[in-house]
Amino acid sequence: MNYSMIFYIIGWILDVEAALLVPSLAVSLIYHESCALAFFITIVLCLIPGVILVRKQPKNKVFYAREGSVTVALSWIVMSIMGSIPFLLSGSITNPVDALFETVSGFTTTGASILPAVEPLQHGILFWRSFTHWIGGMGVLVFLLCLLPLTGSGYHMNLMKAESPGPSVTKLVPKVQSTAKILYGLYLFLTVLEFILLLVGRMPVFDSLCTVFGTAGTGGFGIRNDSLASCSPYIQWVVTVFMILFGVNFNAFYLILYRKFKKAFRMEEVRYYFLIIFASIAIITTQILHTSASIFDALRHASFQVASIITTTGYSTIDFNLWSQTCKTILVLLMFVGACAGSTGGGIKVSRFVILCKTVKKELNAYIHPKSIKKINFEHKTVEHEVVRATNVYFITYMILFAFSVFAISFDGNDLITNFTAVAATINNIGPGLELVGPTQNFGLFSGFSKFVLMFDMLAGRLELFPLL
Numbered sequence: 013m014n015y016s017m018i019f020y021i022i023g024w025i026l027d028v029e030a031a032l033l034v035p036s037l038a039v040s041l042i043y044h045e046s047c048a049l050a051f052f053i054t055i056v057l058c059l060i061p062g063v064i065l066v067r068k069q070p071k072n073k074v075f076y077a078r079e080g081s082v083t084v085a086l087s088w089i090v091m092s093i094m095g096s097i098p099f100l101l102s103g104s105i106t107n108p109v110d111a112l113f114e115t116v117s118g119f120t121t122t123g124a125s126i127l128p129a130v131e132p133l134q135h136g137i138l139f140w141r142s143f144t145h146w147i148g149g150m151g152v153l154v155f156l157l158c159l160l161p162l163t164g165s166g167y168h169m170n171l172m173k174a175e176s177p178g179p180s181v182t183k184l185v186p187k188v189q190s191t192a193k194i195l196y197g198l199y200l201f202l203t204v205l206e207f208i209l210l211l212v213g214r215m216p217v218f219d220s221l222c223t224v225f226g227t228a229g230t231g232g233f234g235i236r237n238d239s240l241a242s243c244s245p246y247i248q249w250v251v252t253v254f255m256i257l258f259g260v261n262f263n264a265f266y267l268i269l270y271r272k273f274k275k276a277f278r279m280e281e282v283r284y285y286f287l288i289i290f291a292s293i294a295i296i297t298t299q300i301l302h303t304s305a306s307i308f309d310a311l312r313h314a315s316f317q318v319a320s321i322i323t324t325t326g327y328s329t330i331d332f333n334l335w336s337q338t339c340k341t342i343l344v345l346l347m348f349v350g351a352c353a354g355s356t357g358g359g360i361k362v363s364r365f366v367i368l369c370k371t372v373k374k375e376l377n378a379y380i381h382p383k384s385i386k387k388i389n390f391e392h393k394t395v396e397h398e399v400v401r402a403t404n405v406y407f408i409t410y411m412i413l414f415a416f417s418v419f420a421i422s423f424d425g426n427d428l429i430t431n432f433t434a435v436a437a438t439i440n441n442i443g444p445g446l447e448l449v450g451p452t453q454n455f456g457l458f459s460g461f462s463k464f465v466l467m468f469d470m471l472a473g474r475l476e477l478f479p480l481l
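Quick note: the sequence shown uses this note's numbering, first residue 13, plus one each step.
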């Protein structure tokens with residue numbers, strides 16, 4: 013294990029986090045808020061160990077998969093611990109476990125909160141809370157790869173694989189650093205575009221920024237207690253469209269950018285992703301039509317909640333906990349499906365479900381026709397056995413961790429639906445669940461032990477299980 017390289021990268025993570033805290037400090041100063049001191053102290057606390065750790069470059073820059081996994085997992089844990097300090101120092105959250113829960117939820121783009129009300133919070137804290145989504149959406153190590161050739165040629169991919177979502181991670185261009193720059197460029201472009209469209213809808217600048225951060229990172233921390241329910245239909249439609257866009261595999265945007273439209277529209281995962289969305293919207297719209305003012309009202313709420321849940325964003329415009337059992341069942345199923353691989357969304361990922369379904373079909377065919385030889389094709393390519401094996405192992409590991417988590421938090425005495433959807437909402441990085449953790453509730457009811465279990469689930473879900481394990 014190359015410990016010197018691991019600590020060197022963690023040092024850079026702390027330095028980058030210090031820099032990323034500066035906008036929140038600036039917001040606090042603009043609004044003349046007392047939390048400015050909390051941000052300043054946190055920046056200093058990040059810089060002291062960060063500067064020390066990066067002063068001496070490691071002689072050995074060899075960086076294999078195990079170093080990549082350990083570095084990514086430790087980086088996210090350290091980043092979350094340091095990111096929780098402003099909540100504590102400002103007095104916004106007084107319990108250290110709750111502060112850590114809120115920060116982990118932010119960085120992992122989960123959006124599950126322990127706060128009963130967010131409107132009393134200072135602007136600086138609200139900004140930092142939402143900004144953690146944007147930071148965690150694409151990944152801080154991907155951001156580092158944009159700036160620094162940290163590990164030398166050939167080793168960047170082990171970092172990128174450990175942090176990026178999906179069954180397999182591919183380079184858009186030959187150099188990983190260039191791939192990271194393209195990804196962040198697309199991420200920034202879509203963020204700015206949504207921000208402009210929200211301003212066109214007369215949303216205040218501060219509100220627009222916080223909403224964009226939550227949408228881009230598919231996080232879901234709101235700045236109002238009702239999330240986006242009080243926003244205009246225009247604002248809700250803009251957020252709906254961009255939630256869906258941020259759930260698309262960024263490879264599709266890359267292909268469109270370079271005018272390879274045919275390849276982009278042939279992406280099998282993206283086609284299934286939109287098929288699932290449209291089918292879910294159609295069913296839910298018909299189910300809630302009798303409770304809505306008009307068909308357009310029903311369509312808007314159905315589209316928003318389907319987009320919010322499948323992309324694991326977690327915003328809400330309505331208390332879907334009051335919908336029919338059919339609607340709630342669809343939303344719970346969408347929690348597990350999640351967005352596309354290579355997006356900022358969470359969940360198991362559409363590509364994994366497609367591969368799993370094709371594996372089942374292949375095995376059924378082999379059972380009926382033992383002598384036949386069939387290969388699994390996905391995205392117009394033969395799926396390697398290693399990818400199929402990794403997908404199967406991921407799914408088994410996911411189910412074991414899910415079952416253990418539901419059992420672990422059951423000792424709090426809450427009902428099964430609350431526990432089941434709380435784990436589903438955290439391990440899939442969604443945010444709200446059903447019953448006691450529904451869209452109008454929060455996660456403050458859980459014990460400290462249960463919160464640590466759910467924090468582990470949030471980190472495991474964001475890092476695709478194995479790096480954290």
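Backbone N, C-alpha and C fix where the C-beta goes; we use that ideal spot for every residue, glycine too.
Whole-Å CB distance - residue i paired with residue j, under 8 Å assumed
| i | j | result |
| --- | --- | --- |
| residue 346 | residue 321 | 5 Å |
| residue 113 | residue 36 | About 19 Å; that fails the 8 Å criterion. |
| residue 327 | residue 239 | 5 Å |
| residue 124 | residue 323 | In fact, because the Cβ distance is near 15 Å, the residues do not count as touching under 8 Å. |
| residue 17 | residue 70 | 5 Å |
| residue 406 | residue 477 | 6 Å |
| residue 415 | residue 348 | With a Cβ gap of about 14 Å, residue 415 and residue 348 do not count as contacting. |
| residue 537 | residue 194 | Past the boundaries of the shown model lies residue 537; the chain is included only from 13 to 481, so the question cannot be answered. |
Exposure label - residue i; buried when at least 16 CB within 10 Å
| i | result |
| --- | --- |
| residue 427 | exposed |
| residue 15 | exposed |
| residue 64 | exposed |
| residue 465 | buried |
| residue 343 | buried |
| residue 74 | exposed |
| residue 451 | buried |
| residue 263 | buried |
| residue 233 | buried |
| residue 141 | buried |
| residue 337 | exposed |
| residue 185 | Because residue 185 carries a pLDDT of 46, less than 50, the predicted location of this residue cannot be relied on, and no value is offered for it. |
| residue 206 | buried |
| residue 392 | exposed |
| residue 85 | buried |
| residue 31 | exposed |
| residue 341 | exposed |
| residue 421 | buried |
| residue 379 | exposed |
| residue 411 | exposed |
| residue 29 | buried |
| residue 283 | exposed |
| residue 199 | buried |
| residue 247 | buried |
| residue 460 | exposed |
Short Cβ contact (8 Å threshold) for residue i with residue j
| i | j | result |
| --- | --- | --- |
| residue 13 | residue 78 | yes |
| residue 128 | residue 333 | no |
| residue 213 | residue 250 | yes |
| residue 21 | residue 83 | yes |
| residue 102 | residue 46 | yes |
| residue 227 | residue 474 | no |
| residue 136 | residue 39 | yes |
| residue 441 | residue 122 | yes |
| residue 24 | residue 471 | no |
| residue 261 | residue 369 | no |
| residue 296 | residue 339 | yes |
| residue 362 | residue 285 | yes |
| residue 144 | residue 255 | no |
| residue 467 | residue 130 | no |
| residue 383 | residue 394 | no |
| residue 197 | residue 356 | no |
| residue 202 | residue 257 | yes |
| residue 110 | residue 126 | yes |
| residue 372 | residue 280 | no |
| residue 301 | residue 293 | no |
| residue 231 | residue 118 | yes |
Cutoff 8 Å: residue i Cβ touching any chain C Cβ
| i | result |
| --- | --- |
| residue 219 | Absent from the structure: chain C. Only one protein chain is present. |
| Are the region 422-437 and the region 447-457 in contact at 8 Å, needing three or more beta carbon pairs? | Counting Cβ pairs under 8 Å, three or more are found: they touch.
| query | Quick check: the region 209-227 against the region 272-285, are there 3 or more CB pairs under 8 Å? | reply | Taking 8 Å as the limit for Cβ pairs, the verdict is that the region 272-285 does not touch the region 209-227.
| query | Using 8 Å as the threshold, is the region 86-105 in touch with the region 47-57, meaning 3 or more CB pairs across them? | reply | Yes, they touch.
| field | Runs of beta strand (DSSP E) wholly within the region 378-439 (minimum 3 residues, chain order) | value | Qualifying beta strand (DSSP E) stretches: none in this window.
| alpha helix (DSSP H) segments (min. 4 residues) lying fully within the region 278-342 | Inside the region 278-342, DSSP marks whole alpha helix (DSSP H) runs of 4 or more residues at positions 280-300, 307-322, from first to last along the chain.
| What alpha helix (DSSP H) runs, 4 residues minimum, are completely inside the region 87-119? | Here the runs fully enclosed are 97-101, 108-119.
| task | At 4 residues or longer, and completely inside the region 224-272: list those alpha helix (DSSP H) runs for me, N to C. | result | Runs of the alpha helix (DSSP H) inside the region 224-272: 245-258, 262-269.
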